[in-house]
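Under full-length UniProt numbering, think of the first position of the sequence shown as 1, with each following residue one higher.
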Amino acid sequence: MAVLKAISGPPKTHGGLRNTIEYVLRNDKVKDGYMDMTGPAPETLTWDSVYRSFREEKEIWNKDSGRMCAHYVLSFHKDEKITPEEVLAFGQEFAGKAFPGYQVLLAVHQDRGHLHLHMVSNTVSYEDGHKLHTTTKDLADMKEAMNQMCRDRGLTVAEKGKHFDGSRMEEGEGIAWNHKKYRAMSSEKKPSYLVECFQAVMEAKEKAVSRDTFITAMEQSGWNVHWSDKRKHITFENKDHQKVRDSNLSKTFTVNISKEALQNELQNQAERQQREELAAYYRQLQDSISGSAPEDAVSKDYPVGAGNCKKDRPDQRTGRPAQRTIQGHIHGGPQRSVRPVKRSHKQDYDFER
1 MAVLKAISGP PKTHGGLRNT IEYVLRNDKV KDGYMDMTGP APETLTWDSV YRSFREEKEI
61 WNKDSGRMCA HYVLSFHKDE KITPEEVLAF GQEFAGKAFP GYQVLLAVHQ DRGHLHLHMV
121 SNTVSYEDGH KLHTTTKDLA DMKEAMNQMC RDRGLTVAEK GKHFDGSRME EGEGIAWNHK
181 KYRAMSSEKK PSYLVECFQA VMEAKEKAVS RDTFITAMEQ SGWNVHWSDK RKHITFENKD
241 HQKVRDSNLS KTFTVNISKE ALQNELQNQA ERQQREELAA YYRQLQDSIS GSAPEDAVSK
301 DYPVGAGNCK KDRPDQRTGR PAQRTIQGHI HGGPQRSVRP VKRSHKQDYD FER
């Protein structure tokens, strides 16, 4: 069973990028050389050579600022029958599907009770210079692609509400219900669409950090949101054109869902999430930053990992390949040979369960 998580709080400085790469390639975490890099890559993989390669692509497209990389961890259950070599091969295929046209550093870590793969993607495409932009839907598509790859390999597929062995979780295990929401859903005296709207609002505001993300979450639940600065109330409308005001929800379920209350809660949640994400991110890099690894642990030249089928190493003068085959996008597509050509007009596109 594979689980994909996005590491929040991506680095926005060169030092942060260097620390991330250095941590991922630490000697005490990567054993037996199970590592690889997609796209233009140095002959040997060290934290310094990968860092310089990422920076080179950014400088070529004049996009050496903002988010430096995207960091994901793909973990396998401790009882899954899979080898480090197979994990690396899994990551190579997945990176081609999820990040076509981007350099991705892959490193299998074996320092815990289960195998897990770190994937660090450059945020600037070596094909056309576009910045990597990943939405919530993109992350869901990645997880579905990952699950399909597990099915193709005969591996266990993660199912919501079930353990690795397929047994169901007990009620309340891993799930915390809001008591007011539960009472609302179980009420027989309220119209069903009113209950559904309340449930959607409660779920949306738990994960939203802005008006836009709240509206998007509501739309995913089948509710359009009419939220105007010129109007006192927020109105929710479903596909059957049944409308519900925020004041109606507040009165019916005795929960303050006014516009002002929502704005304050979303702002507080955004600030809280930012603090938690920054704290979590730097905790993950604590070992690297504290220098607990021996000096030679981050300077040793590594051969390309097992399972690597790379045949076209880059021109040493430019560090760029003459030609590469890039896999299709996340939903699949024909393979194509592309030559990275620098365009004169470039656009910049501005991304953990």
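Backbone N, C-alpha and C define an ideal beta-carbon position, used for all residues, glycine too.
Apart from the 5 residues on each side of it in sequence, H233 sits with its Cβ closer than 6 Å to the Cβ of R245, D246, S247 in its chain, given in chain order.
One thing to note: L25 has its Cβ no nearer than 8 Å to the Cβ of M37. Counting the other CB atoms within 10 Å of its CB gives H116 a total of 16 or more, which places it among the buried residues. The beta carbon of K58 lies closer than 6 Å to those of D64, V124 in the same chain, with the five residues before and after it left out.
According to DSSP, residue pairing for V157 in a beta bridge does not occur.
V120 has H71, L105 as its beta-bridge partners, per DSSP. With fewer than 16 other CB atoms across the displayed protein chains lying within 10 angstroms of its CB, K78 is exposed. Annotated three-state conformation of T136 is helix, per DSSP. Of the other Cβ atoms in all chains shown, 16 or more fall within 10 Å of the Cβ of T156; this residue is therefore buried.
With 16 or more neighbouring CB atoms inside 10 Å of its own CB, Q92 falls in the buried class. Secondary structure at R245: strand, using DSSP grouped into helix, strand and coil. Within the same chain, and ignoring the five residues on either side of Q269 in sequence, the residues whose Cβ sits closer than 6 Å to its Cβ are V209. Judged by DSSP secondary structure, G16 falls within the alpha helix (DSSP H) whose first and last residues are 14–24.
Around the beta carbon of N256, a 10 Å sphere encloses fewer than 16 other beta carbons of the protein chains shown; the residue is thus reported as exposed. Distances from the CA of G101 to each of A107, G113, A89, N122 were compared; the closest alpha carbon is that of N122. With 16 or more other Cβ atoms inside 10 Å of its own Cβ, K29 counts as buried. Cβ neighbours of D48 within its own chain (closer than 6 Å, five residues either side excluded): none. When C-alpha distances from G39 are compared across S53, D138, E219, E276, the shortest belongs to S53.
By the neighbour-count criterion, in which a residue is buried when 16 or more other Cβ atoms sit within 10 angstroms of its Cβ, T252 is buried. Rounded to the nearest whole angstrom, the C-alpha separation of F214 and T44 is 45 Å. Annotated as proximal: K5 and V73, with beta-carbon spacing under 8 Å. With fewer than 16 other CB atoms across the displayed protein chains lying within 10 angstroms of its CB, K230 is exposed. Here the alpha carbon of Q242 sits roughly 14 Å from the alpha carbon of E219. Taking all protein chains in view, the Cβ of K12 is surrounded by fewer than 16 other Cβ atoms within 10 Å, so the residue is classified as exposed. CA-CA distance, T235 to K131, rounds to 36 Å.
In this structure, L106 is the residue among L139, N27, L106 with its C-alpha nearest to the C-alpha of E86. Beta-bridge partners of M35 (DSSP): A107. A Cβ-Cβ contact shorter than 8 Å links N224 with E237. If you check the CB distance, P10 and A70 come in under 8 Å. For A41, no alpha helix (DSSP H) segment is defined, and its DSSP state is neither H nor E.
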